[in-house]
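For the sequence shown, full-length UniProt numbering gives the first residue as 1, with consecutive numbering after it.
Have a look at the structure below, then the notes.
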Amino acid sequence: MMTGTYPVNENKGHLGGIPEDKNFIKQFNNAGYNTYYVGKWHLGEGDSDPIPFGFTDSYAAGRAGGLGSRFFPFNFDKNGKRHKEQVENLEQDGKEGDYASDMLTNHTIDFIKNNPKDKPFLAILVFYAVHTPIEAKPEDEARNKEQLKGIDFGDTPEYIKEGEGRRKMRQDDAAYAGMVENVDQNVGKLLQTLKDMGIDKNTIIVFSSDHGGLSNDGNKGERHLATTNFPLKAGKGHLYEGGIRVPLFVKWDNQLKPRVEDKSIVLGMDVFPTLLDLALNKKVNGVDGQSYAAVLKGKDSWQDRTVYWMSRKARPHSTGDSKMIAVRSGDYKLVQYLDTKKVELYNLKKDVSEAHDLSEKDSKKTAQMLQLLKDWKKEMMVPERMDVGKKVKGNNNETKNEKNKNKF
Numbered sequence: 001m002m003t004g005t006y007p008v009n010e011n012k013g014h015l016g017g018i019p020e021d022k023n024f025i026k027q028f029n030n031a032g033y034n035t036y037y038v039g040k041w042h043l044g045e046g047d048s049d050p051i052p053f054g055f056t057d058s059y060a061a062g063r064a065g066g067l068g069s070r071f072f073p074f075n076f077d078k079n080g081k082r083h084k085e086q087v088e089n090l091e092q093d094g095k096e097g098d099y100a101s102d103m104l105t106n107h108t109i110d111f112i113k114n115n116p117k118d119k120p121f122l123a124i125l126v127f128y129a130v131h132t133p134i135e136a137k138p139e140d141e142a143r144n145k146e147q148l149k150g151i152d153f154g155d156t157p158e159y160i161k162e163g164e165g166r167r168k169m170r171q172d173d174a175a176y177a178g179m180v181e182n183v184d185q186n187v188g189k190l191l192q193t194l195k196d197m198g199i200d201k202n203t204i205i206v207f208s209s210d211h212g213g214l215s216n217d218g219n220k221g222e223r224h225l226a227t228t229n230f231p232l233k234a235g236k237g238h239l240y241e242g243g244i245r246v247p248l249f250v251k252w253d254n255q256l257k258p259r260v261e262d263k264s265i266v267l268g269m270d271v272f273p274t275l276l277d278l279a280l281n282k283k284v285n286g287v288d289g290q291s292y293a294a295v296l297k298g299k300d301s302w303q304d305r306t307v308y309w310m311s312r313k314a315r316p317h318s319t320g321d322s323k324m325i326a327v328r329s330g331d332y333k334l335v336q337y338l339d340t341k342k343v344e345l346y347n348l349k350k351d352v353s354e355a356h357d358l359s360e361k362d363s364k365k366t367a368q369m370l371q372l373l374k375d376w377k378k379e380m381m382v383p384e385r386m387d388v389g390k391k392v393k394g395n396n397n398e399t400k401n402e403k404n405k406n407k408f
């Protein structure tokens, strides 16, 4: 999302290698915006944070991918053990009983309220929820626990074998539900603030997620599985739909028609080209992402678009996934395991659960999709060792960005 590129793109996919005219945040800064980042950053190398990337200010954002606890003190787990990565600011500002998502929301609201009235703003709020540790407010967990009593899961098993681990099949975790509900409440609080300030009709709001829920515990079986992505297959870390298909809501009162569901194919890398288009009427060339402003306005449809994914760092121990590459073109999607070269083909319009592999039945379509992958890898300059999912002996073909990792 931050680079507007496919992560595997050798020349563009790293934060440190982005020229100013391709840096979306600096484009907003140059247009007179104040830019603010709150919450999970988890990008770059070393002690990275949003400020060197171009943001005016940030809060509780750094290298940490998660919290020790949802409750104060946030950098310690419930057993008092200090978390391996510390989230700055949050713990210093907190007090007994504080809940992390509430604090992040309040700081975002403070930024918006204190922003000069003559200055436009871009604010990004990234909750560390929902993510491990799965901890909800007691009242939210209790309420959802009560609601679960009325749900009959019938003969649906709690887990099934999948990949390197087990996949959860029942949506039955009250604490997880409470965390989701809390995020929902905080988003509502943020929207109400915009309304109270009289700026809701002049504010574009985008809500989305980074990936599907963690639904596979890997071959160690040590992770707490709190959710299922059923009927979608798999979850976090996987290139099946359960790992990559996420919600995307865009709201802009008086400009976009409300309550419209569109099935166009968009990716996270399209978000900022779209925002630049909508807010500044500005196009950015030389990135992989595209503006879907015309789609939002009902003037275009991207249902036949071709898009790609590549996952070359599998985590079989913790998420049960494998090194894979995938392409979607219209209704069809092909996935290929990098280590074994196994290929699977699905028609997502008829089979969103990816339960019926068509690769042998429709060899012509399979060949077409494989050619798309081959051409894309050539365009992205994917080195051979990435393509096979492991380092090839004697191959020193490192990318420029691997030789010069940016440390900010």
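We put the CB at the ideal spot given by N, CA and C, even for glycine.
In this chain, the alpha helix (DSSP H) harbouring residue 280 covers 271-280. In the structure shown, residue 165 falls within a strand segment according to DSSP collapsed to helix, strand and coil.
Counting along the chain, the unbroken beta strand (DSSP E) around residue 35 starts and ends at 34-39.
Within the DSSP secondary-structure output, residue 86 pairs in no beta bridge.
Here the stretch 30-45 makes contact with the stretch 123-142; the two share three or more CB pairs at distances below 8 Å.
In this structure, residue 219 lies near residue 316, with their beta-carbon atoms less than 8 Å apart.
By the CB criterion at 8 Å, residue 204 and residue 148 fall outside the cutoff. When beta bridges are read from the DSSP output, residue 208 appears opposite 248. Nearest to residue 293 by C-alpha distance, out of 273, 309, 307, is 273. When 61, 29, 70, 241 are compared, the shortest CA-CA separation from residue 349 is found for 241. Its chain contains 112, 113 as the residues whose beta carbon lies nearer than 8 Å to that of residue 197, once the 5 sequence neighbours on both sides are disregarded; these appear in chain order. A Cβ-Cβ distance of about 7 Å is found for the pair residue 370 and residue 334, placing them in contact under the 8 Å criterion. By the C-beta density criterion, residue 82 is exposed, having fewer than 16 other C-beta atoms within 10 angstroms.
Annotated as distal: residue 207 and residue 122, with beta-carbon spacing of 8 Å or more. Only residues of its own chain outside the window of five on either side were considered, and among them 174, 175, 178 have a CB closer than 7 Å to the CB of residue 141, listed in chain order. Taking C-beta separations shorter than 7 Å and ignoring five residues to either side along the sequence, the partners of residue 115 in its chain run 34, 121, following chain order. The stretch 228-244 and the stretch 309-324 touch, with no fewer than 3 CB-CB distances between them shorter than 8 Å.
In the structure shown, residue 184 falls within a helical segment according to DSSP collapsed to helix, strand and coil.
Taking all protein chains in view, the Cβ of residue 56 is crowded by 16 or more other Cβ atoms within 10 Å, so the residue is classified as buried. At a Cβ-Cβ threshold of 8 Å, residue 248 and residue 309 do not count as neighbours. Remark: C-beta atoms of residue 246 and residue 212 approach each other more closely than 8 Å. The Cβ-Cβ distance between residue 167 and residue 215 falls below 8 Å. Approximately 6 Å separates the beta-carbon atoms of residue 66 and residue 132; this is inside 8 Å, confirming the contact. In this structure, DSSP gives residue 302 a state outside helix and strand, which the three-state scheme calls coil.
Of the candidates 100, 135, 358, 135 places its Cα closest to the Cα of residue 78.
Note on residue 379: under 16 other CB atoms within 10 angstroms of its CB, so exposed under the neighbour-count rule. Annotated as distal: residue 327 and residue 265, with beta-carbon spacing of 8 Å or more. For secondary structure counted as the beta strand (DSSP E) over 3 or more consecutive residues, the stretch 354-390 holds no complete run. The residue among 383, 357, 305 with its C-alpha nearest the C-alpha of residue 372 is 305. Within its own chain, the residues whose Cβ lies closer than 8 Å to the Cβ of residue 160, once the five positions on either side in sequence are excluded, are 166, 167, 169, listed in chain order.
In this chain, the alpha helix (DSSP H) harbouring residue 101 covers 100-114. Less than 8 Å divides the Cβ of residue 3 from the Cβ of residue 18.
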